[in-house]
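Residue numbers (my numbering): 245 to 606. See structure below.
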């Protein structure tokens with residue numbers, strides 16, 4: 245009985261806090277209903293952006309939740325720096341407020357692709373270091389790093405899925421083409437143009453035009469081997485584990501060799517086709533064989549035009565120099581004396597101090 249009497253004040257305090265919270269929620273709801281039809285100029289006079297920023301800064305989820313409930317269009321509203329509610333949630337590392345982002349449904353990808361005036365999207369903001377006030381709440385450098393990685397990975401999951409989907413679609417489509425070429429070349433290897441001799445079983449064309457027939461056989465074999473190799477390369481892509489490091493070298497290398505082998509198989513297949521047309525028609529219907537041989541170069545030209553830019557870019561990005569010039573000893577601005585420049589960008593005043601050990605301040 246005594247314990248119950250002692251617990252009464254605490255229960256009353258909880259009830260009072262809940263009552264105050266409910267009244268505050270009702271008040272917020274009424275305020276947000278009133279501002280629903282206001283213009284941007286009126287909202288700026290009310291300093292609504294400042295109020296929202298303060299709510300995000302202090303992690304008041306109820307404020308942002310009520311705001312978006314009564315005013316869903318606020319997900320598109322930007323401040324003077326071009327940043328939305330969720331951009332500030334990432335910068336200030338307010339994960340509970342950013343969790344509201346996952347309730348947007350199909351709008352998520354559109355909101356996430358927006359840039360601020362500095363051309364930063366959600367991924368760029370997540371890659372920046374947390375504010376010191378947020379880091380100080382987490383004890384230990386290891387736990388701080390863990391939290392930073394959690395934020396960064398939450399924004400890279402979508403990009404990773406898109407890369408994996410594109411890689412699988414490209415490998416799957418190319419694998420179908422390579423399989424068809426391998427099947428056709430395997431069948432052609434046992435179906436000689438002009439037929440075989442009845443007694444010896446040797447190809448008839450081997451005796452009539454030996455050089456052209458050898459070109460036909462060699463190109464047919466090369467096409468079969470190249471297409472089979474490309475199929476195995478694309479199969480390796482489809483069965484990969486798609487880890488983060490795989491996208492740096494392993495997967496691009498497989499795709500490069502796969503596309504290169506597929507190109508070789510198409511070229512040698514067209515050479516084999518041209519040699520077969522020449523063997524069968526050059527004596528009787530040469531006016532037919534010559535245009536067909538010329539047209540056989542069309543698939544090679546089309547493949548080169550469509551796929552070579554992608555192949556060249558992948559080779560440069562995979563095996564070329566890195567995006568950072570680590571071998572350059574000194575930057576040109578390091579040797580210059582300290583200087584200050586002022587400039588305006590979309591109405592926002594910035595000051596940049598340049599010099600050795602200097603930093604950019606916004």
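A virtual CB, placed ideally from N, CA and C, is assigned to each residue, including glycine.
Rounded to the nearest angstrom, how far is the Cβ of residue i from that of residue j, given a contact under 8 Å?
{"i": "residue 292", "j": "residue 304", "result": "That pair is no contact at about 14 Å."}
{"i": "residue 463", "j": "residue 497", "result": "Rounded, the Cβ-Cβ distance is 27 Å, inconsistent with contact."}
{"i": "residue 418", "j": "residue 478", "result": "5 Å"}
{"i": "residue 523", "j": "residue 430", "result": "Not really, about 19 Å apart at Cβ, beyond 8 Å."}
{"i": "residue 562", "j": "residue 475", "result": "The Cβ separation is near 21 Å, so there is no contact."}
{"i": "residue 537", "j": "residue 425", "result": "So it is not a contact: roughly 19 Å between Cβ atoms."}
{"i": "residue 460", "j": "residue 520", "result": "6 Å"}
{"i": "residue 533", "j": "residue 525", "result": "4 Å"}
{"i": "residue 344", "j": "residue 308", "result": "6 Å"}
{"i": "residue 481", "j": "residue 411", "result": "6 Å"}
{"i": "residue 335", "j": "residue 369", "result": "6 Å"}
Quick check on this structure: which residue in the options has the alpha carbon closest to the alpha carbon of residue i?
{"i": "residue 557", "options": "500, 322, 365", "result": "500"}
{"i": "residue 331", "options": "431, 535, 301, 502", "result": "301"}
{"i": "residue 421", "options": "472, 284, 269, 554", "result": "472"}
{"i": "residue 407", "options": "486, 363, 321, 336", "result": "486"}
{"i": "residue 607", "options": "333, 506, 269, 329", "result": "Nothing about residue 607 can be reported from this structure: the residues present for the chain run from 245 to 606 only."}
{"i": "residue 559", "options": "550, 535, 504, 517", "result": "504"}
{"i": "residue 413", "options": "321, 483, 270, 545", "result": "483"}
{"i": "residue 281", "options": "268, 342, 362, 318", "result": "318"}
{"i": "residue 285", "options": "357, 266, 321", "result": "321"}
{"i": "residue 353", "options": "335, 337, 405", "result": "405"}
{"i": "residue 299", "options": "338, 266, 289", "result": "338"}
{"i": "residue 409", "options": "495, 552, 546", "result": "495"}
{"i": "residue 502", "options": "288, 545, 555", "result": "555"}
{"i": "residue 328", "options": "290, 294, 434", "result": "294"}
{"i": "residue 270", "options": "290, 306, 289", "result": "306"}
{"i": "residue 333", "options": "350, 351, 349, 356", "result": "356"}
{"i": "residue 468", "options": "545, 289, 434, 564", "result": "434"}
Return the chain-ordered list of same chain residues with a C-beta closer than 8 Å to the C-beta of residue i, the five sequence neighbours on each side being excluded.
{"i": "residue 276", "result": "310, 311, 313, 314, 315"}
{"i": "residue 359", "result": "326, 365"}
{"i": "residue 346", "result": "352"}
{"i": "residue 576", "result": "Below a pLDDT of 50, predicted positions are generally treated as unreliable, and residue 576, at 38, falls in that range; no measurement from the model is reported."}
{"i": "residue 428", "result": "513"}
Whose C-beta lies closer than 6 Å to the C-beta of residue i among residues of the same chain, with five residues either side of it excluded?
{"i": "residue 515", "result": "463"}
{"i": "residue 508", "result": "470"}
{"i": "residue 466", "result": "512"}
{"i": "residue 518", "result": "537, 540"}
{"i": "residue 432", "result": "464"}
Going by beta carbon distance, what residues of the same chain come within less than 7 Å of residue i, once the five residues before and after it are set aside?
{"i": "residue 550", "result": "none"}
{"i": "residue 570", "result": "For residue 570, the pLDDT reaches just 43, beneath the cut-off of 50, and the residue's location in the model is therefore unreliable, although a value from the coordinates is still provided. So the list is empty, once near-sequence residues are dropped."}
{"i": "residue 491", "result": "407"}
{"i": "residue 273", "result": "310, 314"}
{"i": "residue 287", "result": "279"}
Can you give, in chain order, each stretch of the alpha helix (DSSP H) that sits fully within the region 259–314 and has at least 4 residues? 284–289, 292–301, 305–314
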